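Following: one structure in structure tokens, then a few remarks.
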Amino acid sequence: MRRSASAIVGGGIVAAWAVVAIFAPLLAPHGEGQIVSTTVFAPISGRFPLGTDYLGRDMLSLILFGARDTMGLALAATALASFIGVTLGTCAAVSGGMLDAGISRVMDAMISLPGLMFALVVVAAVGSSIFVLIVTAAVIYTPGAFRIARALATDINVMDFVLAARARGEKTPAIMFEEIMPNMILPVLTDFGLRFVFIVLLLSSLSFLGLGIQPPAADWGSLVRQNIEGLGYGAPAVIMPAIAIGTLTVSINLMIDGFEVRRRLGFADVR
Amino acid sequence: MSGSISYPGAAGRRKAFNPVVLRLIGRRIVANLLLLLAVSLLVFLGTELLPGDVAQIVLGQGATPEAVAGLRAAMHLDQPAWIRYFIWLGGFVSGDFGHSLVNGDPVAALIASRLPNSLLLAALTTMVSVPVALFLGITAAIWRGTLYDRIVNIVTVAAVSVPEFLIATLAVLVFAVRLHWLPALAYLGGADSFTGLLRVFALPVITLSFAIVAQMARMTRVALVNTLESPYVEMAVLKGAGRVRIVLRHALLNAIGPIANAIALSLSFLLGGVIIVETVFDYPGLAKLMIDAVSTRDMPLVQACAMLFSAAYLVLVLLADIASILSNPRLRFQ
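Chains A and B supply the protein sequences, listed in that same order.
If you read the first sequence in my numbering, its first letter stands for residue 34, the second for the next number, and so on.
If you read the second sequence in my numbering, its first letter stands for residue 1086, the second for the next number, and so on.
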């Protein structure tokens, strides 16, 4: 029972962050990037609930607006990775043979590259833009989605109702999209959540290194980087955006832990 | 008992390194070398995407066309990409990593000055994290289902799902800013005595160990719990053995393979963590060198660092694979 209670708490926090991301302009006490105080790295106060940053901007407003960049980019990258991974995985499982072997080998090769390292090489080569970040994160996390979808689809592919569909003369795409995919929605959604966490961590790490989303846009990782000078004064401006990331990623994990699917699939925490 | 049937244990061929195992390991080594080759191709393609003429960038806008042409020839830029790939790869294998685009220093020398620092950090982190993780994982498996197990589970889930820089900034805030126990930055100059060493490395090592310990403890616990589900452990339960005895005497030895696998795989998390940690603590290691090179788009340096990190990663994954192969008892009776 405790398991489902933590899942509800986690789900609530995730939903709250989603609302924040959508309605940031209505919720934020100050405008985006507006300098509202002459004190930099101000401590927590009634006027500035999370203090001020290195320019004297309201930290609460910055974090509320930062939710959009953090979650928006990660959502786009996760959707792309899951879509490609699930489609290719199902396709490989249903077709089998050379196609399956070919795609699987490429994915095996991709999964054995350290993700952050790959992202660094890409950013060094082509620079950092929103498009590059989304595609890079998606490329890094596609193989994981592929593996899980392929494993699920291989199990479903030998079931009687799929055999019946084949006997009716259904074509391969119809079998993929109408017979197999609807039966893997729950585990695929669970995997989507985990993948979203990995991508949030990857993108915010890049931003923290100054190689992610570029100013004036600022996700939570960039906010930590911008205010790192305040660490020596114990300014809340450094720690608050990092805590924001933690609340989001830990909540998603708590939510997913509530589903039994995670254990049934034997998900390793490795990508 | 006619002669053609061989019984495990009776046949006497219980060798961990029999031809089948060696062939499997050999295949993994070849596969990893091929992967490293694929990585090198990818890393090289990275430079090809770089817009602009590298020779022009190195010499600046004021350079004469002759000087640019000369440097282009010296850097083999006038040759097709696939030839340059092999020149680059050949240089790499023989230890010639080229020269930095920023200051012209040999990349090999830059790396040689930083690599020992990173290796020291990695070694200290391994020495701290492996015992702690094994302790947490084994005790959580012994007392599985209890409040202790649940607390370890929640704490480790949290530790693997927060960014490393959150742990790093929290550690600085608590130990350096509030308690004044440790310096916030890593100055290697202070590391000449044991207490000096402790002060310099405490924060980076704690931060790096955090996520690795959590990952390793979880995987250790899973490996043990999987073993605990086997019939022979049920037998031990039925004959009345206690929890501690069952885990330590009956399950642990059979779970050593998966645990060794878990240790190697978790240590590969070092490669991501070290990038963040060396940046936060301004630690003069290889990862900091690579981040600086990425910022200045110093491609020869980025290439060399990426190749070294990928090679280290592949070695750890290979060790994990070999641990699973060696610990599979079915492969010993071929």
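Just so it is clear, CB atoms sit at the ideal spot from N, CA and C, and this is done for glycine as well.
Small disclaimer: the values here were computed from a predicted structure and weren't measured.
Alpha helix (DSSP H) segment containing Phe1210/B, residue limits:
This sequence places Thr at residue 1210/B; Phe is not what is there. Looking at the DSSP string, the run of the alpha helix (DSSP H) that includes Thr1210/B is Val1192 to Ile1227.
Count the other C-beta atoms from every protein chain shown that fall within 10 angstroms of the C-beta of Val53/A, then say buried if there are 16 or more, exposed otherwise.
buried
Please list, in chain order, the chain A residues whose beta carbon lies closer than 8 angstroms to that of Val1240/B.
Ordered by position in chain A, no residue passes the 8 angstroms Cβ test against Val1240/B, which lies about 11 angstroms from the chain.
Per DSSP, which one or two residues make a beta bridge with Thr85/A?
Asp91/A
Are Ala1302/B and Ala1218/B close, meaning C-beta to C-beta below 9 angstroms?
yes
Could you check where the alpha helix (DSSP H) with Tyr174/A kicks off and where it finishes?
Ile163 to Asn190
Hey, does Ser1185/B have any beta-carbon neighbour from chain A nearer than 9 angstroms?
no
Given a cut-off of 9 angstroms on the beta-carbon distance, is the pair Phe241/A and Val257/A in contact?
yes
Asp188/A, buried or exposed, once every other Cβ within 10 Å from all chains shown has been counted against 16:
exposed
Where does Ile246/A fall in DSSP's three states?
coil
Under 9 angstroms between C-beta atoms, does Val1105/B make it to chain A?
no
Can you tell me where the alpha helix (DSSP H) holding Arg138/A begins and where it ends?
Gly130 to Ile144
Measuring alpha carbon to alpha carbon, tell me which of Ile289/A, Thr282/A and Pro76/A ends up nearest Leu235/A.
Thr282/A
Of all the options Ser1412/B, Leu1403/B, Pro1414/B and Arg1415/B, which has the alpha carbon lying nearest to the alpha carbon of Gly1111/B?
Leu1403/B
Following the continuous alpha helix (DSSP H) through Phe74/A, name the residue where it begins and the one where it ends.
Careful: Phe74/A lies outside any alpha helix (DSSP H) and carries neither H nor E.
What does a CB cutoff of less than 8 angstroms around Val1332/B pick up in its chain, not counting 5 residues either side in sequence?
Ile1223, Ala1226, Ile1227, Leu1309 and Leu1313
Can you find a C-beta in chain A that's less than 9 angstroms from the C-beta of Gly1131/B?
yes
Interface residues of chain A facing Val1153/B [CB-CB closer than 7 angstroms]:
None at all; the shortest Cβ gap to chain A is about 22 angstroms.
From what residue to what residue does the alpha helix (DSSP H) around Pro1165/B run?
Note, Pro1165/B: premise wrong, no alpha helix (DSSP H); not H, not E.
Please determine, among Asn190/A, Leu222/A, Val221/A and Thr223/A, the residue with the shortest C-alpha to C-alpha distance to Ala207/A.
Asn190/A
Measure from the C-beta of Tyr1398/B to each C-beta in chain A and report whether the shortest distance is under 9 angstroms.
yes
Below 8 angstroms on the Cβ atoms is my guess for Ile163/A versus Leu106/A; work out the distance and round it to an integer in Å.
7 angstroms
Just to make sure I have the definition right: I need the residues of chain A whose C-beta is within less than 7 angstroms of the C-beta of Arg1382/B. Which are they?
Ala157
Is there contact here, the stretch 1195 to 1214 of chain B with the stretch 1284 to 1295 of chain B, by at least three beta-carbon pairs under 8 angstroms?
yes
Comparing the C-beta of Glu1314/B with each C-beta of chain A, is any distance below 9 angstroms?
no
Check whether the Cβ atoms of Val1359/B and Ser1246/B lie closer than 9 angstroms to each other.
no
Give me the chain B residues within the contact set of Gly122/A, using Cβ-Cβ distance strictly less than 8 angstroms, ordered along the chain.
Under the 8 angstroms cutoff, chain B gives no residues; its nearest Cβ is about 21 angstroms from Gly122/A.
Residue interval of the alpha helix (DSSP H) (run including Glu1249/B):
Glu1249 to Ala1256
Do Ala1208/B and Phe1366/B count as a contact pair if the criterion is CB distance below 9 angstroms?
no
Along the stretch 208 to 228 of chain A, where does the CB come closer than 8 angstroms to a CB of chain B? Name the residues.
none
If contact is defined by three or more beta carbon pairs under 8 angstroms, each pair taking one atom from either stretch, is the stretch 131 to 138 of chain A in contact with the stretch 74 to 83 of chain A?
no
Name the chain B residues that come within less than 9 angstroms of Pro176/A, Cβ to Cβ?
None at all; the shortest Cβ gap to chain B is about 13 angstroms.
Measuring alpha carbon to alpha carbon, tell me which residue in Val1318/B, Leu1186/B and Ala1166/B is nearest Leu1337/B.
Val1318/B
For Ala1391/B, decide whether its Cβ has a neighbour in chain A, counting only Cβ atoms nearer than 9 angstroms.
yes
From the beta carbon of Tyr266/A, is the nearest beta carbon of chain B less than 9 angstroms away?
yes
Using 9 angstroms as the threshold, is the C-beta distance between Ala158/A and Met1384/B below it?
yes
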